[in-house]
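I have placed the structure first, in the form of structure tokens, so that the comments after it can refer back to it.
2 protein chains.
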Amino acid sequence: MEISKDKNILIVGLGLMGGSFAKGMRNQGFHVCGFARRKEPIEFALANGIIDEGYSEVNTDAISRADILVFALYPKAFLEWMDKYQQYLKPGAIITDVTGVKSCIVYDMQAILRDDVEFIAAHPMCGREVYGVENSTEKMFIGANYIVVPTDKNTENGIEICKELGRLLGAGKISVLSPEEHDEMIGFVSQLTHCIAVALMNSSDNHNLVNYTGDSFRDLTRIARINENMWSELFLLNKEALIKQMDTFIDVFKNMRDMVQNDDREGLCDMMRISTERRGWFDNK
Amino acid sequence: MEISKDKNILIVGLGLMGGSFAKGMRNQGFHVCGFARRKEPIEFALANGIIDEGYSEVNTDAISRADILVFALYPKAFLEWMDKYQQYLKPGAIITDVTGVKSCIVYDMQAILRDDVEFIAAHPMCGREVYGVENSTEKMFIGANYIVVPTDKNTENGIEICKELGRLLGAGKISVLSPEEHDEMIGFVSQLTHCIAVALMNSSDNHNLVNYTGDSFRDLTRIARINENMWSELFLLNKEALIKQMDTFIDVFKNMRDMVQNDDREGLCDMMRISTERRGWFDNK
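Each protein sequence line maps, in turn, to chains W and F.
FYI, this note's numbering numbers position 112 of the first sequence as 687, with every residue one higher than the one before it.
FYI, this note's numbering numbers position 41 of the second sequence as 616, with every residue one higher than the one before it.
Next comes the structure, spelled out in structure tokens:
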């Protein structure tokens, strides 16, 4: 299968990510159908040109017409959905997702899936601190890192289609990682950072701090505003990799604390020189 | 003394903060003189309208003419400077600063200072990840929190002048804290956050991460690009308050780690609900 504008796209889950994906693909000229559990997101998405058609109940005819399905559900809900409705999939359909954890879902999904369809996992590295289809924007993907996460079961064609979706959405760097590499990486750059921001906000209940903060505190804690249901599920599904990253961070941070305690200025300077150099990598991309 | 446009301002230390302060006051119509140790920042500041006059060697005549002196030096250098040159100060001169730590310097400074001049400490909560007068901008202060840090030795007039400087620079909220309150607060909102960002960047040497990160990681680590000489001095000068904040954070973070380990989803959700609520305070300011 190649991606041409006559392909039907079905987005399952019309939240922030699903809505943004839908809008991005519709802007590219595709026919986009959306499913959601409630009527309101469907009505909003129809009224705002985010989807061409939409249903708040599963419509088996729409499933049968879809060439590409994009899942923007919580990980566990994704598996349950597929188990129940894969019987209606069009032969040759390509299924992808935006889920933030991979090992715990990709193998299970590929194991239960029919042989004549293909699930190729993906993770667009973008998001916002607001939720719901009403905050969705196709701009979210522009320039974002887009990670394609194949296994041995995936075909070259499936991987190419997944990359092409990223390109159509305007993603910046499109990379390929194994599920295990993805989860280790995401444990560090995404989950650990969210843990840090949440723990920091839990370390003081002083409401007056708002009068004294600078941008550094506001930037560092931006992601402390967090969807607890989604992120607690993501953390626990990636438990092993996340715990490893948290333990490494605790060791490094405690070492720094001891340097302060022991007036080890040279040690602190060394750490800061390393952090300055490494942070520079992220500006030069 | 009241602040009127015929007052002479002397900025000692023409780096990012000193240059920005100079530019802000000069834009308000004041005569601004600048001191720096090297010729280049003086030449740059003169050529770019940041100061009216400037010297790369201490000019005792310029000190004698100054009504308001603003110190933008490292904390220890500030004390040494004053010890050496306070003999030239004009009677009635008001001295303020932008230093990031207070208890360790304010009392010492006020103890050595002549009785006919007044040091009123201040801390504008702003900065950038770049250095030097060439990056200075008067916009840095606009809307920033500005903290005035008096002791029993300060007069109402001195405090008012210091607040007025903040207003003239365009600061947002201007607050008053004791040196001890300031240092406890700064240990949390500024120093702890910088420690976290530095420690996080020291927790992985994987250069490929740049291809996988989202905005959350980039925002959280922005301040990992850090002036190691200045910040190591600030950390050690505020050691007691900083260690206390680091220990609190370690406890909270380890507790969160154990929740992940023990599949305590409800505990994680509770922490995230707290962080979401508290982070909301900082958006509504």
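All residues carry an ideal CB built from backbone N, CA and C; glycine is no exception.
Bear in mind that the values here come from a model prediction, so they are computed numbers and not experimental data.
Annotation: F/Asp672 to W/Phe763 spans about 39 angstroms, alpha carbon to alpha carbon.
Shown here, F/Asp642 sits in coil according to DSSP, grouped into three states, outside any helix or strand.
Across the set W/Lys748, W/Met760, W/Ser807, the C-alpha of W/Ser807 shows the shortest separation from the C-alpha of W/Val773. Across the structure, F/Lys814 and W/Arg840 are spaced so that their CA atoms are roughly 12 angstroms apart.
According to DSSP, F/Cys608 shares a beta bridge with F/Leu585, F/Glu628.
Looking at W/Glu709, W/Ile670, W/Arg689, W/Gly718, the one whose alpha-carbon comes closest to that of W/Ala697 is W/Ile670. Taking CB atoms only, W/Val764 has a neighbour in chain F less than 8 angstroms away.
Not flagged as an interface residue toward chain W: F/Ala696, since no C-beta distance is shorter than 8 angstroms.
Within chain W, the residues Met700, Asn720, Ile722, Ser750, Met760, Val764 have their CB atoms less than 7 angstroms from the CB of F/Tyr787, given in chain order. Close to F/Ala668, with beta-carbon spacing below 8 angstroms, lies no residue of chain W; the smallest spacing is near 28 angstroms.
Sequence-distant Cβ neighbours of W/Cys608 in its own chain, meaning closer than 6 angstroms and more than five residues away, are Leu585, Glu628, Ala637.
In the DSSP secondary-structure assignment, W/His698 is bridged to W/Ile722.
Here W/Glu577 carries a coil assignment [DSSP, helix/strand/coil]. A direct Cα-to-Cα measurement between W/Phe619 and W/Asn583 gives close to 20 angstroms. Against chain F, the beta carbon of W/Asp838 has neighbours under 8 angstroms at Leu811, Lys814, listed in chain order. For W/Ile717, the number of other beta carbons within 10 angstroms of its own is below 16, and it is reported as exposed. In the three-state reduction of the DSSP assignment, F/Thr796 falls in the helix class, which pools H, G and I.
Assignment of W/Val751 by DSSP, reduced to helix, strand and coil, places it in the strand class. Among the CB atoms of chain W, one or more fall inside 8 angstroms of the CB of F/Gly855.
By the neighbour-count criterion, in which a residue is buried when 16 or more other Cβ atoms sit within 10 angstroms of its Cβ, F/Gly624 is exposed. In this structure the segment 751-762 of chain F does not touch the segment 796-805 of chain F; the number of beta carbon pairs closer than 8 angstroms is below three.
In the displayed model, W/Ile670 falls within a strand according to three-state DSSP.
Ranked by how close their Cα comes to the Cα of W/Asp794, the residues W/Gln661, W/His769, W/Thr674 have W/His769 in first place. Look at W/Glu693 here: in three-state DSSP terms it is strand. W/Pro650 is the residue among W/Lys819, W/Pro650, W/Gly702 whose C-alpha sits nearest the C-alpha of W/Tyr682.
In the DSSP assignment, F/Ala622 falls within the alpha helix (DSSP H) that extends over 614-622.
In this structure, F/Val587 places its C-beta atom within 8 angstroms of the C-beta atom of F/Leu644. Chain-ordered, the chain F residues with CB closer than 8 angstroms to the CB of W/Asp794 read Asp794, Leu795, Arg797, Ile798. Of F/Thr823, F/Arg853, F/Ile695, F/Tyr787, the smallest CA-CA separation from F/Lys677 is found for F/Ile695. For W/Phe716, none of the residues of chain F pass the 7 angstroms Cβ criterion, the least Cβ distance being about 11 angstroms. It is roughly 15 angstroms from the alpha-carbon of F/Leu740 to the alpha-carbon of F/Thr674. Closest in C-alpha terms to F/Leu591, from the list F/Phe828, F/Phe605, F/Asn802, comes F/Asn802. Contact annotation for F/His606 against chain W: no contact, minimum CB-CB distance about 29 angstroms [criterion: below 7 angstroms].
The beta carbons of F/Lys738 and F/Ile722 sit no closer together than 8 angstroms. Put simply, the CB of W/Met847 is near chain F, with a gap under 8 angstroms to one of its CB atoms.
According to the DSSP assignment, W/Gly594 belongs to the alpha helix (DSSP H) that extends over 591-602.
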